[in-house]
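For the sequence shown, the numbering used here begins at 4 and goes up steadily by one.
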Amino acid sequence: MSEIKFGFLRETSEKAKRAGIDPATNLHRTGLNEYLAVIFPKTVIITF
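Rendered as structure tokens:
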């Protein structure tokens, strides 16, 4: 299992899942909302 927690950031988790793995670097993509939830766990993130 990879120790890499985050990959390239996309606008949302849905867009990250649709984009899939980056072919040039073989890194997965992460939704910005997931990334910010880890950095700022007590902040409410509103998505549109």
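We treat Cβ as the ideally placed atom computed from N, Cα and C, and that holds for glycine.
- Linking G23 to R32 through their CA atoms gives a straight-line distance of about 6 Å.
- For a cut-off of 8 Å, the C-beta gap from E14 to L39 is around 12 Å, too long to register as a contact.
- Within the region 13 to 48, complete beta strand (DSSP E) segments of at least 3 residues are found at 32 to 34, given in chain order.
- Straight through space, the alpha carbons of P26 and T46 are spaced by roughly 33 Å.
- Within its own chain, no residue has a Cβ closer than 7 Å to the Cβ of K20 once the five positions on either side in sequence are excluded.
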